[in-house]
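Have a look at the structure below, then the notes.
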Amino acid sequence: MRDSATIDDPRRAFLVGLLAAGAYLLPRPLRAGPLGDVPQPLAAGRSIYTLDGSVTVNGAAASPATLIRAGDIVETGARSRVVFAVGKDAFLLREQSRLELAREDGSAAGEILVGALRLVTGKLLSVFGRRAHAFHTPTATIGIRGTGVYAEVEPDRTYFCTCYGVTDVGAADDPNARETVSATHHDARYILAQGSERIRRAPFVNHTDEELALIEALVGRTPPFVMPGDGYGGPRRSEY
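Counting from 1 along the sequence shown, just add 14 to a position and that's the residue number in my numbering.
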C-alpha cells in the first residue's frame, strides 16, 4: 500500500482532470461548478459511462454499449478502468481487477439488482442504494447499505474505507473479528488475513471525493458531504 501522498493509478488522476475540464460529460448536465458539469444519470439500457484499455464482461471484450447485469464478472487489464452502474449501484473499477456481481436472493435471471459482490483482485470505488449488500474479498466480509466505499485487495490484507454511511466490517474466516464503522467522511480499516488483531485502522488513500460525486451522479444522487464551492443547493443523500 502506498502512502496517502501518492496516487496509485495515474489514470485516476487523468479521469478527475478530464472531469474538471468537462471532457467526459454527457449532454444536459445536472449542474455546473469547479469540477465541470456533473453527468445525467445513465439512460435506460446503458451500463457503462466510460471505459479505457482492456475491459471484459464475462470474458468478452466490453464496449460502451455493453450491458452489465447482476451475475456478471467484470475484469480490467493493466492501465485500464471502467466506470459503470447496475440498478442503483455505481462503480469505478481500477486496473488489474476482477469483480463478481451476484444477483440478489430470489432475483430472476437477468435481474438488475445486485445482492452481493466479490472483489477478487484489484481496486474498487462503489456507491450503493438503500438495499443491503454483502461485500466480499479474500480476507473480508462486509455488510453495507446505502453507503459509499472503497476497497483494495492485497495478498495478505484488504484495505476498506467507509467513505460515508454504516458498514459491518469483518474478517472472512473469523466471526469474532468484527467492527461496525459509521462514517460521514472517510473512515478506513485494514482487514488482515491473519494475526491477533485482524482489523486495524488505516489511512485515507487512493480515492477522491470528486470520484464519489461522479459515480453518485450516474445513479441520480449526490454525496452527503459538501464539495467546496460546488454551489449545489438541492437535497443531498442521507439514506444510510
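Each residue gets a CB set at the ideal place from its N, CA and C atoms; glycine is no exception. All figures in this text were calculated on a predicted structure; none of them were measured in a lab.
Beta-bridge partners of residue i, as assigned by DSSP
i           : result
residue 100 : 103
residue 131 : 115, 149
residue 62  : 98
residue 70  : 75, 89
residue 138 : 107, 165
CB-CB length for residue i against residue j, believed under 8 Å
i           : j           : result
residue 96  : residue 76  : 7 Å
residue 84  : residue 117 : 4 Å
residue 213 : residue 183 : 6 Å
residue 106 : residue 113 : Not a contact, Cβ separation roughly 11 Å.
residue 185 : residue 205 : 6 Å
residue 177 : residue 195 : Contact flag wrong, Cβ pair sits at about 11 Å.
residue 198 : residue 238 : 7 Å
residue 138 : residue 94  : So it is not a contact: roughly 13 Å between Cβ atoms.
residue 82  : residue 141 : Actually they are not in contact, since the Cβ atoms of residue 82 and residue 141 sit about 15 Å apart, beyond 8 Å.
residue 175 : residue 150 : That belief does not hold up - the Cβ atoms of residue 175 and residue 150 are roughly 16 Å apart, past 8 Å.
residue 153 : residue 191 : That belief does not hold up - the Cβ atoms of residue 153 and residue 191 are roughly 10 Å apart, past 8 Å.
residue 102 : residue 143 : 3 Å
Three-state secondary structure assigned by DSSP to residue i
i           : result
residue 82  : coil
residue 39  : Interpretation of residue 39 is limited by its pLDDT of 36, a score under 50 that renders its predicted location unreliable; the figure taken from the coordinates is listed afterwards. In this structure, residue 39 counts as coil in the three-state DSSP scheme.
residue 57  : coil
residue 26  : Low confidence applies to residue 26: its pLDDT is 48, below 50, so where it sits in the model is not reliable, and the reading given next is rough at best. In this structure, residue 26 counts as helix in the three-state DSSP scheme.
residue 236 : coil
Range covered by the beta strand (DSSP E) that runs through residue i
i          : result
residue 89 : 87 to 90
N- and C-terminal bounds of the alpha helix (DSSP H) containing residue i
i           : result
residue 226 : 223 to 232
Item to check | Completely contained beta strand (DSSP E) runs for the segment 141 to 214, where each covers 3 or more residues | outcome: The beta strand (DSSP E) runs lying completely inside the segment 141 to 214 and spanning 3 residues or more are 146 to 150, 154 to 168, 171 to 185, 188 to 197, 201 to 206, given in chain order.
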